[in-house]
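Q: For the sequence shown, numbering that gives the first Met the number 0 begins at 0 and goes up steadily by one. This structure is in C-alpha cells; I'll ask about it shortly.
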Amino acid sequence: MSRIITITSGKGGVGKTTVTANLGSALALKGYKVCLIDADFGLRNLDIPLGLSNRIILDISDYLQKMCSFSHIIVKHRTMKNLHLVPGSKKRLSEMELKSFREMLKQIDSLYDFILIDSPSGLESGFFYALDGAHEAIIVTTSDKTALQDADRVIGILESQNELELSLVVNSYRNNQEVEDILQLLNINFLGAIPADVNIIAANNKGNPIALDPAIQSGVMFRKIAQNLSKHHYNQTIDLPTYNQTIFTHKKLKLSF
C-alpha cells in the first residue's frame with residue numbers, strides 16, 4: 000500500500016513543484032518505487048524539472064477519459080526506472096474527470112511505495128480533488144508574508160475538514176531566524192527547510208533535480224527531508240545551512256514545540 004502524499008500551498012510561486020520533483024527523486028534514490036502525479040490541471044509543469052517534457056505522449060486526462068490504460072500514460076525517469084511521472088493535462092479537467100481522480104489513486108495504490116501529488120495552488124475544486132484520497136499533506140511555504148498567510152489558511156482548512164497527517168517544508172529561507180519564526184506561526188510537524196539557492200533554478204532549467212547532486216547543499220537538504228519523510232521523523236535537531244551572500248555555513252537549530 001502506497002503512502003499517498005499531496006504537496007500543496009496556499010500561494011503559487013513558493014516552489015511546490017520543485018519540492019515535489021526533488022522529494023520524489025530523493026526517495027527514488029533511496030530505492031523506493033515513486034509515482035509523481037501532476038495535478039496542477041491546466042498548468043502542467045512537473046515534467047520540466049524532471050527533464051521529461053519531450054517524452055510525454057499521453058497525459059492524465061487521456062486515462063481519466065478511459066482512452067488508454069494507466070501504463071500508457073506513465074513516463075519513466077531516464078536514469079531512475081523506479082521513478083514514474085503521471086503528466087498533468089494542459090487543459091482544465093471536467094468535473095467528471097476530477098471525480099475519477101480518486102478512483103485512479105485506488106487502482107495504482109499497490110504499485111508504489113510513495114505517490115506524491117503536486118496540487119494546484121489556491122482553493123479551487125482541483126485543490127480539494129488533489130487532496131481527496133491522500134493520507135498526508137505537505138505544506139510548502141516561504142517567509143513571504145502573503146505565502147505564510149495563505150499557508151496558515153490552508154492548514155486551518157485541512158485541520159478542520161480532513162484527517163490528514165500534515166507536515167511543513169520551508170523553501171528559500173535566507174537565515175535560521177526566518178525558519179524559527181515560521182515554525183512558531185504555523186506550528187505543525189516540520190520536515191525540513193531548503194535554503195535560497197540559484198543552483199536550484201539552474202537545475203530545474205536543465206531538467207536535473209538538484210537532489211541528484213550530493214555536492215550542492217540544497218540537494219543534500221532535499222535528501223535529508225526525504226529521509227525524514229520516509230521515517231516519519233519530525234521535530235528533531237536538524238542541521239540547517241544558513242545562507243549568507245553566496246556562502247553556506249552550518250548551524251544547529253533545536254526544534255521544539
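By construction, the Cβ of each residue, glycine as well, lies at the ideal position given by its N, Cα and C atoms.
Starting from residue 48, trace the alpha helix (DSSP H) both ways and give me its first and last residue.
A: 46-49
Q: Whose C-alpha, out of 21, 5, 12 and 216, is nearest the C-alpha of residue 149?
A: 12
Q: Round the Cβ separation of residue 41 and residue 139 to the nearest angstrom and send it over; I've been treating them as touching at under 8 angstroms.
A: 20 angstroms between Cβ atoms; not a contact.
Q: Report, in whole angstroms, the separation of the C-beta atoms of residue 48 and residue 206, which I expect to be a contact under 8 angstroms.
A: 7 angstroms
Q: On a CA-only basis, which of 112, 104, 61 and 102 is nearest residue 90? Give me that one, please.
A: 61
Q: Of all the options 96, 52 and 51, which has the alpha carbon lying nearest to the alpha carbon of residue 66?
A: 96
Q: Just list the residues that DSSP pairs residue 34 with in beta bridges.
A: DSSP lists 83 and 114 as the beta-bridge partner residues of residue 34.
Q: Measure the Cβ-Cβ separation of residue 35 and residue 17 and say whether it is below 8 angstroms.
A: no
Q: Let me check one thing: in DSSP terms, what residues is residue 119 bridge-paired to?
A: Paired residue(s): none; residue 119 is not in a bridge.
Q: Under 8 angstroms between the Cβ atoms of residue 171 and residue 8?
A: no
Q: Would residue 109 and residue 0 qualify as a contact pair, given that the criterion is a beta-carbon distance under 8 angstroms?
A: yes
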